[in-house]
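Numbering (the numbering used here), first residue to last: 32 to 158. Okay, so here's the structure we're looking at.
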């Protein structure tokens with residue numbers, strides 16, 4: 032006996048419509064996923080900055096409330112304070128250089144502060 036119902040496959044137009052709908056959904060989701068990835072990187076960066084502030088406070092507690100000095104008041108620049116902090120972080124907290132940069136950073140350079148009007152331990156950390 033033959034079956035009453037005929038099994039029918041998808042037509043080419045139905046298949047193309049499904050592919051078009053999937054392509055539309057993917058084109059909407061890709062920017063959303065990119066923004067979510069950027070928000071995750073920002074969260075990691077905020078965590079790194081928070082840890083850096085805590086470690087700077089610990090450094091100040093261990094060094095009579097002074098932050099690393101980069102120059103004498105109105106004098107020549109002696110050295111880069113960020114180098115001191117990098118060595119301090121590596122020695123005391125086993126941090127790697129990668130943990131000192133935000134994940135979204137494309138150019139990795141250290142800016143030396145040229146603020147000569149501030150005294151020892153008064154350099155401003157600018158992010």
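A virtual CB, placed ideally from N, CA and C, is assigned to each residue, including glycine.
{"Asked": "Other residues of its chain near residue 134: CB distance less than 6 Å, five sequence neighbours each side excluded", "Found": "72 and 75"}
{"Asked": "Coarse secondary structure for residue 58, derived from DSSP in three states", "Found": "helix"}
{"Asked": "Local conformation of residue 96 per DSSP, three classes", "Found": "coil"}
{"Asked": "Residue 56 burial status per 10 Å Cβ neighbour count (16 or more: buried)", "Found": "exposed"}
{"Asked": "Nearest residue (CA-CA) to residue 94, options 79, 77, 83 and 119", "Found": "119"}
{"Asked": "DSSP state of residue 39 mapped onto helix, strand, coil", "Found": "coil"}
{"Asked": "Proximity of residue 90 and residue 80 at Cβ, strictly below 9 Å", "Found": "no"}
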